[in-house]
Amino acid sequence: MTHHSQFRMITDNSWAADKLKKAGETLEKGEELPLTEYTEDLVKTPPEHVKKLCNQILALNVIEVHQLMDFLQKRLGLTDDDISMSIGGRGGGQKEVSSGGETAAAAEPVKKEKEVFDLKLTVVDPKSKIKIIKEVRAMTGLGLKEAKDLVEKAPIMVKEGLKKDEAEKLAKTLQDVGATVELL
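Have a look at this one:
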């Protein structure tokens with residue numbers, strides 16, 4: 267695989283290759299991949315570059331996360347409906363990858379109750395905007411200007427990766443001050 271400093275080239279082995287090709291991008295031919303069985307151990311032990319990417323994403327502030335999500339959505343040509351449908355899971359069943367990047371569907375995973383939620387601010391009542399900004403500041407740790415900018419961009423994700431009880435509590439707090447929210 268071709269490496270350029272800290273970035274990997276996007277090849278036809280990418281999970282998004284079909285979407286990128288459909289959007290008109292030309293991808294390099296990827297290396298031959300060995301047959302890899304999807305196992306829990308494989309998923310739970312990511313390589314160093316995945317850990318590093320995870321840490322870089324976790325270091326982003328709420329606005330940067332929104333910008334990242336928006337950029338990926340546009341780059342992949344996804345609609346808001348595509349995103350909403352895929353947030354609940356990992357986008358389908360388990361897969362096995364054979365050489366050449368072809369995929370073969372494996373057994374359907376067991377459905378688990380959703381444990382992680384994202385809080386989306388969908389509508390801001392202009393009469394309640396100041397109260398909503400105050401609550402967004404309190405729950406995100408953003409400064410006044412950043413919280414105001416975030417609220418004015420509704421619909422927008424306010425917090426992500428929340429446990430159910432915390433997500434419901436924050437949603438109720440925003441609803442009580444006049445916001446319309448959605449838990450995804």
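Numbering (my numbering), first residue to last: 267 to 450. Glycine included, C-beta positions come from ideal geometry on N, C-alpha and C. Only a predicted model underlies this, so the values are computations on that prediction, with no experimental measurement involved.
Checklist entry - Between E418 and V382, what straight-line distance do the alpha-carbon atoms span, to the nearest angstrom? => result Near 25 Å, if we compare the C-alpha coordinates of V382 and E418.
Checklist entry - Going by DSSP, what residues sit across from I398 in a beta bridge? => result I398 pairs with nothing; no bridge assigned.
Next on the checklist: Would you call the region 404-413 in contact with the region 326-335, where contact means no fewer than 3 C-beta pairs closer than 8 Å?
Outcome noted: Yes, the region 404-413 is in contact with the region 326-335.
Next on the checklist: Rounded to whole angstroms, what is the Cα-Cα separation between V443 and T388?
Outcome noted: Near 14 Å, if we compare the C-alpha coordinates of T388 and V443.
Checklist entry - What do you get for A437, buried or exposed, if any count of 16 or more other CB atoms within 10 angstroms of its CB means buried? => result Buried, by the Cβ-count rule.
Next on the checklist: Suppose you measure from the CA of V390 to the CA of T439; what does that come to, to the nearest Å?
Outcome noted: One C-alpha to the other measures close to 13 Å.
Item to check | Cα-Cα separation, A415 to H332 | outcome: Reading the sequence as shown, one finds Asp at residue 415 and not Ala. Approximately 12 Å between the Cα atoms of the pair.
Checklist entry - Which residues in the same chain have their Cβ closer than 6 Å to the Cβ of S364, if we skip the five residues on either side of it in sequence? => result Legend: pLDDT at S364 = 42, less than 50; position of this residue unreliable, value from coordinates given subsequently. Contacts found: L301.
Checklist entry - Do A445 and I399 come within 8 Å of each other at the CB atom, strictly closer than that value? => result Their beta carbons are not under 8 Å apart, which means I399 does not touch A445 by this criterion.
Next on the checklist: Quick test of your reading: G296 and D284, contact by CB under 8 Å. State the CB separation rounded to the nearest angstrom.
Outcome noted: Between D284 and G296 the Cβ distance is about 13 Å, and since that is not below 8 Å, they are no contact.
Checklist entry - Which value, in whole angstroms, describes the spacing of the CA atoms of L449 and D384? => result Whole-angstrom Cα-Cα distance: 6 Å.
Checklist entry - When you compare each of Q322, K287 and D307 to R341 by their alpha carbons, which one comes out closest? => result Checked all of Q322, K287 and D307; the closest Cα to R341 is K287.
Next on the checklist: Can you find the residues in the same chain that come closer than 8 Å, C-beta to C-beta, to P312, ignoring five residues on each side of it along the sequence?
Outcome noted: The answer, listed in chain order, is C320.
Checklist entry - Taking the C-alpha atoms as reference points, what is the distance between F386 and G343? => result The amino acid at residue 386 is misidentified as Phe; the sequence shows Lys. About 21 Å.
Checklist entry - Around the Cβ of K425, are there at least 16 other Cβ atoms within 10 angstroms (buried) or fewer (exposed)? => result Classification for K425: buried.
Item to check | Closest residue to L410 among M423, K395 and I422 (Cα-Cα distance) | outcome: It is K395 whose Cα lies nearest to the Cα of L410.
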